[in-house]
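Chemist: Numbering (our numbering), first residue to last: 910 to 1102. Each residue gets a CB set at the ideal place from its N, CA and C atoms; glycine is no exception.
#1: Rounded to the nearest angstrom, what separates residue 1040 and residue 934 at their Cα positions?
#2: Can you tell me whether DSSP reads residue 1000 as helix, strand or coil?
#3: In the DSSP assignment, what residue or residues form a beta bridge with residue 1009?
#4: Does DSSP put residue 1096 in a helix, in a strand, or in coil?
#5: In this structure, how does DSSP classify residue 1064 when only helix, strand and coil are distinguished?
#6: Report yes if the C-beta distance between residue 901 and residue 992 is below 8 Å; otherwise report no.
#7: Determine the direct distance from the alpha carbon of residue 989 to that of residue 1068, and round the result to whole angstroms.
#8: Tell me, to the nearest whole angstrom, how far the beta carbon of residue 1050 is from that of residue 943; I am working on the premise that it is less than 8 Å.
#9: Taking 8 Å as the threshold, find out whether the segment 966 to 978 comes into contact with the segment 993 to 1004 through three or more Cβ pairs.
#10: For residue 1102, count neighbouring C-beta atoms within 10 Å of its own C-beta (all shown protein chains included) and say buried if the count is 16 or more, exposed if not.
#11: Using beta-carbon positions only, say whether residue 1012 and residue 1097 come within less than 8 Å of one another.
#12: Any idea which residues DSSP pairs residue 1014 with across the strands?
#13: Going by DSSP, what residue range makes up the alpha helix (DSSP H) through residue 973?
#14: In its own chain, which residues sit with a C-beta less than 6 Å from the C-beta of residue 1082, not counting the 5 before and 5 after it?
#15: Could you have a look at residue 962 and say whether DSSP puts it in helix, strand or coil?
#16: Put residue 1089 into one of helix, strand or coil per three-state DSSP.
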């Protein structure tokens, strides 16, 4: 009996360590002062890593999740062209009940407006009236998305490329993500074009 109990406890610890190891690339990139979620809440999360053979795997996964979502709320310090194209497409196809909101770091909006490839697309998406963009004037320390019932969290490498995506549907993660998103959105200004 004692042996079984110890065995179960050791198995639980090993499972937790395995999950933390998979989350390490995300947790190492996110400042602890801005991430107050207990990492154990992410124990059942799915983690997608950028790899040499698939450097855009985190972006591809977000695009895939977004494609089937009725409600999209995101907080981001980056915009990838594939993702921007997909958001424009989704904005044009969204029904009146869809929720599409994106809180972007201010310098990202400035970079978008300075780049003709992104600017025209961004303006079309914003003017469609089905996506609300918000400008956040400080640094966004990690990527966050609320895509229907799924929460995605992402981190970037030193060059600003997304290198890891964590996705979870755990209630504790959802509750935390809702709170964090509301805080950033409340501190942001709606983009009016």
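Modeler: To lay it out plainly:
#1: Separation of residue 1040 and residue 934 (C-alpha to C-alpha, rounded to the nearest whole angstrom) is 31 Å.
#2: DSSP places residue 1000 in helix when its eight states are reduced to three.
#3: Bridge pairing for residue 1009: 981 [DSSP].
#4: In the three-state reduction of the DSSP assignment, residue 1096 falls in the coil class.
#5: Residue 1064 falls in the strand class under three-state DSSP.
#6: As displayed, the chain neither begins before 910 nor continues past 1102, which places residue 901 out of reach and without an answer.
#7: Straight-line Cα distance between these residues: approximately 13 Å.
#8: At roughly 4 Å, the Cβ-Cβ gap stays under 8 Å, so residue 1050 and residue 943 are in contact.
#9: Taking 8 Å as the limit for Cβ pairs, the verdict is that the segment 993 to 1004 does touch the segment 966 to 978.
#10: Residue 1102 comes out exposed.
#11: Cβ distance < 8 Å, so residue 1012 and residue 1097 count as in contact.
#12: Residue pairing by DSSP puts residue 1014 in a beta bridge opposite 1045.
#13: Residue 973 -> alpha helix (DSSP H) spans 966 to 976.
#14: Only 950 and 1060 meet the Cβ criterion.
#15: Correct three-state label for residue 962: coil.
#16: Assigned with DSSP and collapsed to three states, residue 1089 falls in helix.
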